[in-house]
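*Asks:*
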Amino acid sequence: MRSPGASDAAFSGLALRLYAAQSHANPPYRRLGGQRGLPASGVASWRDIPAVPACAFREFEFSCLEPADRTAVFHSSGTTGATPSRHFHGRDSLALYDDSAWHWFEGCVRPAERSRLFILTPPPAAAPHSSLVRMFDTVRRKLSAGDACFHGRADSAGAWHLDLEPLADSLAASAAAELPALVLGTAFSFVHLLDGLAGAGRRVALAPGSRVMETGGYKGRSRELAPGRLHEIMTRQLGVAPRDIVREYGMSELSSQAYGGAAGGGFRFPPWARALVVSPETGREVAEGETGLLRVVDLANVWSVMAIQTEDLAVRRGSGFELVGRAAPAEPRGCSLMAA
2 MRSPGASDAA
12 FSGLALRLYA
22 AQSHANPPYR
32 RLGGQRGLPA
42 SGVASWRDIP
52 AVPACAFREF
62 EFSCLEPADR
72 TAVFHSSGTT
82 GATPSRHFHG
92 RDSLALYDDS
102 AWHWFEGCVR
112 PAERSRLFIL
122 TPPPAAAPHS
132 SLVRMFDTVR
142 RKLSAGDACF
152 HGRADSAGAW
162 HLDLEPLADS
172 LAASAAAELP
182 ALVLGTAFSF
192 VHLLDGLAGA
202 GRRVALAPGS
212 RVMETGGYKG
222 RSRELAPGRL
232 HEIMTRQLGV
242 APRDIVREYG
252 MSELSSQAYG
262 GAAGGGFRFP
272 PWARALVVSP
282 ETGREVAEGE
292 TGLLRVVDLA
302 NVWSVMAIQT
312 EDLAVRRGSG
322 FELVGRAAPA
332 EPRGCSLMAA
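For my numbering, add 1 to where a residue sits in the sequence shown, where the first one is 1.
(1) Cβ of Ala155 less than 9 Å from any chain B Cβ?
(2) Below 6 Å CB to CB, which residues in the same chain sit around Pro5 once its five sequence neighbours on both sides are set aside?
(3) On the DSSP bridge list, what partners appear for Arg244?
(4) Can you list the beta strand (DSSP E) stretches of 3 or more residues lying completely in the stretch 271-310, in chain order?
(5) Does the pairing of the stretch 177-194 with the stretch 103-119 give three or more beta-carbon distances under 8 Å?
(6) Please look up how many angstroms separate the CB atoms of Phe342 and Leu185, rounded, as I've assumed it's under 8 Å.
(7) Where does Gly321 fall in DSSP's three states?
(8) Could you give the DSSP three-state label for Tyr20: helix, strand or coil?
(9) Determine, using beta-carbon pairs with one atom in the stretch 57-65 and one in the stretch 302-317, whether at least three such pairs fall under 8 Å.
(10) I believe Tyr30 touches Ser256 by the beta-carbon criterion, under 8 Å. Please report the beta-carbon distance rounded to the nearest angstrom.
(11) If we ignore side chains and look at the alpha-carbon of each, how far apart do Ala155 and Val134 end up?
(12) In the stretch 112-158, which residue ranges form an unbroken beta strand (DSSP E) of at least 3 residues, counting only runs that do not cross its ends?
(13) What first and last residue would you give for the alpha helix (DSSP H) that runs through Phe189?
(14) Who are the Cβ neighbours of Cys109 in its own chain at under 7 Å, not counting the five residues just before and after it?
(15) Output yes or no for whether 9 Å exceeds the beta carbon distance between Phe106 and Ser253.
(16) Rounded to whole angstroms, what is the Cα-Cα separation between Ala263 and Phe270?
(17) Quick one: Cα of Ala16 to Cα of Ser77, how far?
(18) On the CB-based measure, 16 or more other CB atoms within 10 Å of its CB, does Ala149 come out buried or exposed?
(19) Going residue by residue through the stretch 24-107, where are the continuous beta strand (DSSP E) segments of at least 3 residues, counting only ones entirely within it?
(20) Is Glu166 helix, strand or coil when you go by DSSP?
(21) For Ala52, count neighbouring C-beta atoms within 10 Å of its own C-beta (all shown protein chains included) and say buried if the count is 16 or more, exposed if not.
(22) Could you give the distance in angstroms between the alpha-carbon of Pro28 and the alpha-carbon of Pro54?
(23) Pull up the distance between the alpha-carbon of Ile120 and that of Leu239, whole angstroms please.
(24) Since Leu172 and Leu207 should fall inside the 8 Å C-beta cutoff, what is the C-beta to C-beta distance between them, to a whole number of angstroms?
(25) If you count every other CB in all the chains shown that lies within 10 Å of the CB of Pro123, and 16 or more means buried, which is it?
(26) For Tyr250, tell me which candidate among Gly217, His232 and His88 has the shortest Cα-Cα distance.
(27) In whole angstroms, give me the CA-to-CA distance for Ser244 and His88.
(28) Using the Cα positions of Ser131 and Thr72, report the straight-line distance between them to the nearest angstrom.
(29) According to the Cβ coordinates, are Thr236 and Glu215 closer than 9 Å?
(30) According to the Cβ coordinates, are Val278 and Leu294 closer than 9 Å?
(31) Of the choices Gly202, Ala199 and Ala242, whose alpha-carbon is the least far from that of Arg212?
(32) Using a Cβ-Cβ cutoff of less than 6 Å, which residues in the same chain neighbour Ala308 once the five nearest sequence positions on both sides are dropped?
(33) With Arg212 as the anchor, note down where its beta strand (DSSP E) starts and where it stops.
(34) For the beta strand (DSSP E) that Gly261 lies in, which residues bound it at each end?
(35) Classify Ser145 as buried or exposed, calling it buried when 16 or more other Cβ atoms lie within 10 Å of its own Cβ.
(36) Just the C-alpha distance for Leu300 and Ala169, rounded to the nearest angstrom, thanks.
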């Protein structure tokens, strides 16, 4: 699959140079390439660059940064008590992360001028290891919004909650003032918001130009809704048309995000990243319309590893992909290779 804006040859050239640098500076990654018979000198295309299983980030430090230069670490979200993945960042990698996140967000979400921002997560100080909160805070800073736009909080166990009543009141005030709203949150946070509105007998008709962006799974944090059903309730309770609802796909192990519309069309990464849907048996790209495991090659991951093998099932759709769900535990077999 190819993203618009960069030729395959140009992307491959950059990716191969980055793979050589990362293999040199990142011992676990160099060992993985050797185990697979793919040292930096033996790879001819970005499609053949060894991909690190996302689960391996729980056990190994895939970083080109010296420990003293690591100023932040993003953890994967997941089951409470489970060992999280760890993606280390420093000053330069965070600056690149912010630039990557903002430019693709702005192009895909297209916030209206004078939008009032509503973020359904805790602020960065309460969730310092969340890459999603970092991305949302980048959007906040780029839009010159205040800290008050964060409407979530974290409890002592780290679980996220919404301050529902003041959030509903603020959304209603924005609608009454005819100011477009830009509402960003996880799927489970939107379920809490929508259930709260329904339980209070409230409906908010957001102003024209409003946009909603949802991301992530549920992981037992709320009742689960299929994307289509969630978007249907958003339309009914918030007054936003399906064309104004955007879906985001991201991971703590990546520095770039993919976006897709609620109305369909699949997810797409920015020109500096590529997605492959590969067979779990062969590791080769599947044919158009077939299902496999999603693999991402992200050139913004300069200081870790650019090629990540996810545990997400996807369908290959032209230059994008359609998410299907999580693979069964036995399917992504790459983690066992890292233990050798």
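Where is the CB? At the ideal position from N, CA and C, for every residue including glycine.
Please read all numbers here as calculations on a predicted model, not as lab measurements.
*Replies:* According to the structure shown:
(1) The structure shown contains no chain B, having only a single protein chain.
(2) At Pro5 the pLDDT is 48, less than 50, meaning the model places this residue with poor confidence and gives no usable figure here.
(3) DSSP lists no partner for Arg244.
(4) 274-279 and 292-299
(5) yes
(6) Missing from the structure shown is residue 342; the chain here goes from 2 to 341 and no further.
(7) strand
(8) helix
(9) yes
(10) Wrong, their Cβ atoms sit about 16 Å apart, outside the cutoff.
(11) 12 Å
(12) 117-120 and 153-155
(13) Ala188 to Gly200
(14) Val247 and Tyr260
(15) no
(16) 16 Å
(17) 25 Å
(18) exposed
(19) 73-76 and 87-90
(20) helix
(21) buried
(22) 16 Å
(23) 15 Å
(24) 7 Å
(25) buried
(26) Gly217
(27) Checking the sequence shown, residue 244 turns out to be Arg, not Ser. Rounded to the nearest angstrom, the two C-alpha atoms are 33 Å apart.
(28) 14 Å
(29) no
(30) yes
(31) Ala242
(32) Ile50, Ala52 and Val298
(33) Arg212 to Thr216
(34) Ala259 to Gly262
(35) exposed
(36) 39 Å
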